[in-house]
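In my numbering, the protein residues as written are 40 to 484.
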Amino acid sequence: MNLEKIMNNLEKKHPGENEYLQAVREVLESIEEVYNENPHFETANIIDRLVEPDRILTFKVCWVDDSGKVQVNLGYRVQFNNAIGPYKGGLRFHPSVNLSILKFLGFEQIFKNSLTTLPMGGAKGGSDFDPKGKSNAEIMRFCQSFMLELWKLIGPETDVPAGDIGVGGREIGFLYGMYRKLARENTGVLTGKGLNWGGSLIRPEATGFGAVYFAKEMLATKGESFKGKVVAISGFGNVAWGATIKATELGAKVVTISGPDGYIYDPDGISGEKIDYLLELRASNQDIVKPYSYEFPNAQFHQGKRPWEVKCDIALPCATQNELGKDDAANLIKNGVICVAEGANMPSTPEAIELFLANKVLFAPGKAVNAGGVATSGLEMAQNAMKLSWPMKEVDERLHHIMCSIHDACVKYGKGSDGYVNYVKGANVAGFLKVANAMLDQGVI
Ligand code: NDP
Ligand code: 2IT
């Protein structure tokens, strides 16, 4: 593999798509060795076939706001690779959404879904629509208009979208309602559905719970656990919420959460009624965590800052991409962090990752750590196909088992001769091999 040549070509073809190029480079660097060991991969030109999506649908979404004004947004679905199963991946509604971000997320999703042990291909979609400050009726009209285009491309055996930033249970409901009307059928075409209409228990908690199950396995390799540890978490969305609950349940103290306005440091720990308060804050569709410090006066709000300056044993970045840079990594290391597990997709910059690895910190990438979300989506699809609902305990046990399998796969392919596990390499190699071998088996299509 001539990595620099591949990257130069991609940069020329897709100038300025920085997040996408960053995600591709990370995977190629990790798999270079196993790729070169198997000449069949090169003969079948697997890399060129993997780094470009199968197809991208771009569409216009027109909707009417509460004042009667017509609004126009852009909608996308990037179907990346379906060698091992139907396209699968979330929808993101955020003003920052563009093709580079959706292509990076769709590309990552191929390897993440491969790691889950379930048959799911990789995809991502979304819109530059900003849900912030919108009424319920506006959200509904937007979702309906979005689905009017998307429904042609998706189906329970074709492509199964789900939530991501800005898309939770409410949005999935409005999207599903419109799909059902257009397709004239009730099928498991979206995951993250409500419990009364095909959803799975544990899916809302799954990404955060899974992230903590994975970090628990990482800690165990060093004879450590969550008990008595101080945890710094960023974000206060779906993933941060689940991770906060599970880390607390395992005996840790979560001392930070964050929003785009800054972060909260609560030395007493964020649990119980404080989490309920955070849920209320989120439901208000506001963009802020500051009010937490009025409600719980022992907590401090740090305007415009990130939580990585706080002394902690475990860091779980759960907000968004590139939210933890080189200086943040240096701060965490200086303060004695032992484990960094990515709940978000690609939250650490390449320079930050390099520093963690060089200092032999336990560090694992989002595609392994946060795979519990899409894995439980896969379990929702299985239940829908059987027209059954599993009890909470069964779904949670399956999720736990899957996270342990992903950890095993990372150790298998990532453990070096000195015993240090490079989870970035392990996750990328394990995820890649399954997909690449499936592509070899199925010929050039
Ligand atoms: P949510 O929309 O529920 O929450 C995201 C939260 O992070 C929001 O509160 C958002 O605030 C905040 N946020 C966004 N940008 C920043 C920033 N720059 N600094 C601090 N906070 C910020 O999304 P999720 O919890 O679902 O997603 C979080 C991450 O996890 C994303 O990277 C997503 O791709 C990933 N993920 C999600 C899965 C899922 O099942 N939901 C599964 C696997 C990964 P605001 O909107 O106000 O900007
Ligand atoms: O990034 C992700 O894995 C998700 N947003 C969840 C995708 C899914 O299909 O459940």
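Every residue gets a Cβ at the ideal spot worked out from N, C-alpha and C, and that includes glycine.
Could you tell me if residue i is buried or exposed, where buried requires 16 or more neighbouring beta carbons within 10 angstroms of its beta carbon?
i      : result
Met179 : buried
Asp105 : exposed
Glu72  : exposed
Glu312 : exposed
Gln339 : exposed
Tyr333 : exposed
Cys449 : buried
Thr97  : exposed
Ile223 : Note that residue 223 is Arg in the sequence shown, not Ile. Counting Cβ neighbours within 10 Å, Arg223 comes out exposed, since fewer than 16 surround it.
Ser135 : exposed
Leu317 : buried
His17  : The question about residue 17 has no answer, for the chain in this structure spans 40 to 484.
Leu234 : exposed
Thr82  : exposed
Asp307 : exposed
Lys151 : buried
Gln360 : buried
Glu65  : buried
Leu427 : exposed
Ala391 : buried
Asn84  : exposed
For residue i and residue j, I'd like the C-alpha separation in whole angstroms.
i      : j      : result
Ala322 : Tyr59  : 31 Å
Val539 : Ala410 : Because the chain spans 40 through 484 in this model, residue 539 falls outside it and cannot be assessed.
Leu363 : Glu348 : 11 Å
Met478 : Phe471 : 11 Å
Ile94  : Asp366 : The question names Ile, but residue 94 in the sequence shown is Arg. Distance between the alpha carbons of Arg94 and Asp366 is about 38 Å.
Lys99  : Ser184 : 9 Å
Leu141 : Ala414 : 20 Å
Tyr331 : Ile211 : 28 Å
Ile377 : Asp457 : 18 Å
Ser139 : Lys285 : 32 Å
Glu43  : Lys473 : 24 Å
Glu433 : Asn374 : 39 Å
Val289 : Asn423 : It should be noted that the sequence gives Leu, not Val, for residue 289. Near 31 Å, if we compare the C-alpha coordinates of Asn423 and Leu289.
Pro78  : Ile484 : 19 Å
Gly231 : Ala397 : 38 Å
Asp315 : Gly172 : 21 Å
Ile296 : Trp236 : 32 Å
Ile372 : Thr283 : 22 Å
Thr226 : Ala62  : 33 Å
Ile70  : Cys101 : 42 Å
Gly343 : Tyr304 : 13 Å
Lys186 : Met217 : Here residue 186 is Met; the residue named in the question, Lys, does not match the sequence. Their Cα atoms are separated by approximately 6 Å.
Met425 : Lys329 : 45 Å
Val468 : Ala475 : 10 Å
Gly145 : Ser444 : 22 Å
Ile204 : Ala407 : 18 Å
Gly208 : Arg219 : 16 Å
Gly194 : Ser416 : 14 Å
Arg88  : Gly128 : 19 Å
Asn75  : Ala122 : 21 Å
Phe335 : Pro389 : 36 Å
Thr287 : Tyr115 : 37 Å
Asn384 : Ile241 : 20 Å
Asn337 : Pro430 : 39 Å
Gln118 : Asp300 : 33 Å
Asp167 : Phe143 : 16 Å
Roughly how far, in whole angstroms, is the beta-carbon of residue i from the beta-carbon of residue j, given that I think they are within contact range, below 8 Å?
i      : j      : result
Thr197 : Pro125 : 6 Å
Ser466 : Cys357 : Correcting the residue identity first, residue 466 is Ala in this sequence and not Ser. Not confirmed; about 18 Å, so no contact.
Ser239 : Leu418 : 6 Å
Val294 : Ala271 : 6 Å
Gly455 : Gly249 : About 25 Å separates the two Cβ atoms, so there is no contact after all.
Val90  : Leu49  : 6 Å
Phe253 : Ala354 : No, Phe253 and Ala354 are not in contact; Cβ-Cβ is about 14 Å, not under 8 Å.
Ser273 : Pro346 : 5 Å
Gly165 : Phe213 : Not really, about 15 Å apart at Cβ, beyond 8 Å.
Asn112 : Ile149 : That belief does not hold up - the Cβ atoms of Asn112 and Ile149 are roughly 26 Å apart, past 8 Å.
Leu130 : Gly55  : Contact doesn't hold; Cβ gap of about 23 Å is too wide.
Closer than 7 Å: is that where the CB of residue i sits relative to any heavy atom of the ligand GDP?
i      : result
His133 : Of the ligands this structure carries, namely the ligand NDP and the ligand 2IT, none is the ligand GDP.
Completely contained alpha helix (DSSP H) runs for the stretch 291–354, where each covers 4 or more residues: Segments of the alpha helix (DSSP H) lying fully in the stretch 291–354: 312–322 and 330–334.
The stretch 247–264 in contact with the stretch 389–406 per 3-pair CB rule at 8 Å: Using a C-beta cut-off of 8 Å, the stretch 247–264 makes contact with the stretch 389–406, since at least three inter-stretch Cβ pairs fall below that distance.
At least 3 beta-carbon pairs within less than 8 Å: the stretch 233–253 vs the stretch 435–442: Cβ pair count under 8 Å is three or more, so yes.
Start-end ranges of the alpha helix (DSSP H) lying completely within the stretch 71–120, minimum 4 residues: Correct list: 78–82 and 85–90.
Alpha helix (DSSP H) runs contained entirely in the stretch 234–297, provided each spans 4 or more residues: The stretch 234–297 contains these whole alpha helix (DSSP H) runs: 242–259 and 277–288.
Runs of alpha helix (DSSP H) lying entirely within the stretch 158–232, each at least 4 residues, in chain order: Here the runs fully enclosed are 175–189 and 208–222.
Alpha helix (DSSP H) runs contained entirely in the stretch 376–435, provided each spans 4 or more residues: Taking only runs of at least 4 residues, the alpha helix (DSSP H) segments lying wholly in the stretch 376–435 are 389–397, 405–408 and 410–425.
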